[in-house]
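With the numbering used here as the guide, the letters of the sequence shown map in order to residues 52 to 473.
Take a look at the structure below.
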Amino acid sequence: MNDLQFLAPFFAQKRVLILISASVSLYKMLDVISTLTKFGAHVKVVMSKESTTFINPMLFEALSKNVVLHQDSQNWTHTDAPNHTSYARWAEVVLIAPATANTIAKLACGMADDIILCTALASNAPKLIAPAMNTNMLNAPQTRENLAKLQTLGFNIIEPRDSLLACGEYGKGALAKHDDIIFALAQLFVEMGMFHNTGFWHGKEVIITGGGSKENIDSVRVLSNLSSGKQAYFLALALYVLGAKVFLISSSVPTILPQDLHFTEVSNSLQYYQAIIESKKMCKDKPILFMAAAIADFIPEVVSQTKIKKDSLKKLQLTLEKNMDILSKLPTSEFIKVGFKAEDDYQSALQNVKEMLHKKECKVVCLNVLDSLKNTFGADTNQMTLISADATQETPLLDKFSLSFEILAFTQQVLLNDDHTH
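Given below as structure tokens:
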């Protein structure tokens with residue numbers, strides 16, 4: 052299964068038109084097209100004359116299952132024949148990738164002297180552009196000005212990345228990674244109202260904590276728990292796709308991470324707290340904090356700075372002290388708080404939830420009652436009870452990405468209602 056398979060619903064039956072210019076990185080678009088078609092999208096490709104000298108158009112035809120449009124394949128015999136106007140009309144989204152400095156300059160000037168420029172100009176669909184070029188070309192004032200102009204014209208820019216470039220130099224200019232292109236397309240479909248039609252989360256600053264804290268016993272051993280960090284990870288990705296500015300803080304390192312999603316790896320509870328404070332400093336407004344991390348309730352009173360040797364001891368007795376409560380420590384004047392609670396008994400859990408709502412001033416608590424059959428640590432699915440001061444919602448058993456949207460929809464409604472009553 053593709054690692055991004057959870058994004059497949061965003062692409063089912065969507066029409067994506069890809070315009071390819073003559074960059075050596077164009078072969079990377081084969082993987083992008085393969086993923087899109089596996090996700091159920093319909094893909095058509097237009098290639099500039101120069102790009103067809105890099106790679107045979109038949110490769111793109113084999114993956115897209117559609118005629119690749121280039122200088123020698125335009126057909127004007129009927130209305131839907133493959134030509135730049137019919138392909139432009141067909142597209143729901145236009146992706147220009149890779150986009151060379153020359154293509155970017157001509158797009159910014161409205162030129163139409165080759166087939167991909169004609170197609171771009173003829174299409175009213177939203178457009179994404181992924182630049183790929185030498186670092187100096189990217190940093191040239193003319194290129195920066197052209198990209199800025201395209202943004203004012205409504206183009207969405209998928210930023211190039213730092214890498215070893217084809218010219219042998221290391222720097223910014225490499226085509227965005229496959230995953231970042233897929234995420235950018237998903238974000239655009241959300242903005243267009245074609246999936247989860249809400250603008251509530253767009254531009255919101257959100258801090259998410261995940262995983263379990265690891266409290267040192269000595270220099271090599273820790274006191275920890277079984278939290279996998281998966282729910283926090285998928286919550287971060289869901290918010291990212293919905294257009295939020297996301298800060299993810301976790302002891303579990305994500306396998307897939309969009310390049311502009313801010314990630315901080317932490318270990319112990321003090322590091323979690325410090326990372327939350329540092330993330331807050333990067334926020335312009337009061338952030339929404341999803342405290343999904345499983346922070347230790349008790350930590351070792353004394354930590355050995357060296358490894359405790361088993362040969363010198365018959366028994367090892369640990370004295371634990373109560374840990375700080377991060378949620379209580381963070382003031383509501385600076386954070387909008389959403390708490391998470393894992394319990395193994397529903398009735399005692401409800402009492403703890405009430406305390407989180409009132410004493411810790413959480414707007415929402417996401418309750419996870421552990422179950423040997425359904426809700427277990429590290430599972431790919433989960434079921435939760437979402438609770439606010441005025442409402443309760445039981446979610447079905449869902450994969451954790453889908454569950455994230457349930458959590459966000461419930462939280463959104465609570466926050467909107469809260470705004471209306473103040």
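Using N, Cα and C, we set each Cβ at its ideal position, and we do this for glycine too.
Residues of its chain near GLU457, where Cβ-Cβ distance is below 6 Å and the 5 sequence neighbours each way are ignored: Counted from its first residue, the sequence shown places residue 457 at position 406. Only THR446 meet the Cβ criterion.
Inter-residue CB distance, SER302 and SER264 (contact presumed, cutoff 8 Å): To locate residue 302, count along the sequence shown from 1; it is residue 251. To locate residue 264, count along the sequence shown from 1; it is residue 213. The Cβ separation is near 7 Å, so the contact holds.
Three-state secondary structure (DSSP) of ILE438: In the sequence shown, the residue the question calls residue 438 occupies position 387. Here ILE438 sits in strand by DSSP.
MET188 in three-state terms, based on DSSP: Numbered from its first residue, the sequence shown carries residue 188 at position 137. It is helical.
Cβ-Cβ separation, ILE346 to ILE377 (assumed contact under 8 Å), whole Å: One-based indexing of the sequence shown puts residue 377 at position 326. One-based indexing of the sequence shown puts residue 346 at position 295. Their Cβ separation, rounded to whole angstroms, is 6 Å, which keeps ILE377 and ILE346 in contact under 8 Å.
Contiguous beta strand (DSSP E) assignments of at least 3 residues, all confined to the segment 149-215: 178-182, 212-215
Backbone secondary structure at PHE105 - three-state DSSP: Taking the first residue of the sequence shown as position 1, residue 105 is located at position 54. If DSSP states are grouped into helix, strand and coil, PHE105 belongs with coil.
LEU293 versus ILE258: straight-line alpha-carbon distance, rounded: On the sequence shown, residue 293 is found 242 positions in, with the first residue counted as 1. On the sequence shown, residue 258 is found 207 positions in, with the first residue counted as 1. Each residue's CA atom was taken as its position, placing LEU293 and ILE258 some 14 Å apart.
Simplified DSSP state of ARG66, which is helix, strand or coil: For the purposes of this step, residue 66 is identified with residue 15 of the sequence shown, where counting begins at 1. Strand at ARG66.
Coil, strand or helix - HIS313 by DSSP: Looking up residue 313 in the sequence shown gives position 262. Three-state DSSP puts HIS313 in a strand.
Given 8 Å, three or more beta-carbon pairs between the segment 188-204 and the segment 83-102: No, because fewer than three Cβ pairs between the segment 188-204 and the segment 83-102 fall closer than 8 Å, the two stretches do not touch.
Buried versus exposed, by CB contacts within 10 Å (16 or more), ASP431: Reading the sequence shown from its first residue, position 380 is the one you call residue 431. That one is exposed.
Pick from HIS313, LEU286, SER124 that is closest to LEU341, judged by C-alpha positions: What you label residue 341 is simply residue 290 of the sequence shown in a count that begins at 1. For the sequence presented, residue 341 should be read as Phe rather than Leu. With distances taken between Cα atoms, PHE341 lies closest to LEU286.
C-beta atoms of PHE461 and VAL420 nearer than 8 Å: Against the sequence shown, residue 461 aligns to sequence position 410. Against the sequence shown, residue 420 aligns to sequence position 369. Cβ distance not < 8 Å, so PHE461 and VAL420 don't count as in contact.
Rounded straight-line distance, which links the Cα of ALA159 to that of ALA343: If you number the sequence shown from 1, residue 343 lands on position 292. If you number the sequence shown from 1, residue 159 lands on position 108. Answer to the nearest angstrom: the Cα atoms are 44 Å apart.
Cβ neighbour criterion (16 or more within 10 Å) applied to ALA442: Indexing the sequence shown from 1 puts residue 442 at position 391. Its Cβ having fewer than 16 others within 10 Å, ALA442 is exposed.
For PRO133, three-class secondary structure by DSSP: By one-based count along the sequence shown, residue 133 stands at place 82. The answer is coil: DSSP assigns PRO133 none of H, G, I, E or B.
Pairwise C-alpha distance: GLY224 and LYS405: Position 354 of the sequence shown, counting from 1, holds the residue named residue 405. Position 173 of the sequence shown, counting from 1, holds the residue named residue 224. So the two alpha carbons sit approximately 52 Å from each other.
DSSP state of HIS93 mapped onto helix, strand, coil: By 1-based counting over the sequence shown, the position of residue 93 is 42. Strand at HIS93.
Stretch-stretch touch, CB-based, cutoff 8 Å, three pairs: the segment 387-405 with the segment 351-366: no
VAL75 versus LEU216 - alpha carbon distance: Translated into the one-based positions of the sequence shown, residue 75 becomes position 24. Translated into the one-based positions of the sequence shown, residue 216 becomes position 165. One C-alpha to the other measures close to 10 Å.
Residue nearest to GLU101 in terms of C-alpha spacing, selected from ALA59, ALA171, ILE167, LYS392: One-based indexing of the sequence shown puts residue 101 at position 50. Answer by Cα proximity: ILE167.
Local Cβ density within 10 Å of TYR397, reported as buried at 16 or more and exposed below that: Translated into the one-based positions of the sequence shown, residue 397 becomes position 346. Counting Cβ neighbours within 10 Å, TYR397 comes out exposed, since fewer than 16 surround it.
LEU274, DSSP secondary structure in three states: Along the sequence shown, one-based indexing puts residue 274 at 223. Three-state DSSP puts LEU274 in a strand.
Supposed contact pair LEU437 and CYS417 - C-beta distance, whole angstroms, cut 8 Å: Counting from 1 along the sequence shown, the entry for residue 417 is found at position 366. Counting from 1 along the sequence shown, the entry for residue 437 is found at position 386. Contact flag correct, Cβ pair sits at about 6 Å.
ALA295 - DSSP class collapsed to helix/strand/coil: Within the sequence shown, the letter at position 244 stands for residue 295. Coil, per DSSP.
Beta carbon of LEU236 nearer than 8 Å to that of LEU290: Stepping through the sequence shown from its first residue, residue 236 is reached at position 185. Stepping through the sequence shown from its first residue, residue 290 is reached at position 239. No, these two residues do not count as a Cβ contact at 8 Å.
Cβ-Cβ separation, ALA132 to ALA176 (assumed contact under 8 Å), whole Å: By 1-based counting over the sequence shown, the position of residue 176 is 125. By 1-based counting over the sequence shown, the position of residue 132 is 81. Rounded, the Cβ-Cβ distance is 19 Å, inconsistent with contact.
Backbone secondary structure at LYS360 - three-state DSSP: Numbered from 1 along the sequence shown, position 309 holds the residue referred to as residue 360. DSSP places LYS360 in coil when its eight states are reduced to three.
Euclidean distance between Cα positions of LYS411 and MET80: Taking the first residue of the sequence shown as position 1, residue 411 is located at position 360. Taking the first residue of the sequence shown as position 1, residue 80 is located at position 29. Going from the Cα of LYS411 to the Cα of MET80 covers about 49 Å.
Endpoints, beta strand (DSSP E) assigned at ASN126: For the purposes of this step, residue 126 is taken as the residue at position 75 of the sequence shown. Segment: none, ASN126 is in no beta strand (DSSP E) and carries neither H nor E.
Extent of the continuous beta strand (DSSP E) to which ILE339 belongs: As a first step, residue 339 is located in the sequence shown; it is residue number 288 there, counting from the start. Looking at the DSSP string, the run of the beta strand (DSSP E) that includes ILE339 is 339-342.
Whole-Å CB distance - ASN374 paired with ASP395, under 8 Å assumed: In the sequence shown, residue 374 corresponds to position 323, counting from 1. In the sequence shown, residue 395 corresponds to position 344, counting from 1. Not quite, the Cβ-Cβ distance comes to about 20 Å (not below 8 Å), so this is no contact.
Buried or exposed (CB count within 10 angstroms, at least 16 for buried), ASP54: Your numbering for residue 54 matches position 3 in the sequence shown. Flag for ASP54 reads exposed.
Test item: CB-CB of PHE90 and PHE57 under 8 Å: Position 39 of the sequence shown holds residue 90. Position 6 of the sequence shown holds residue 57. In this structure, PHE57 does not lie closer than 8 Å to PHE90 by Cβ.
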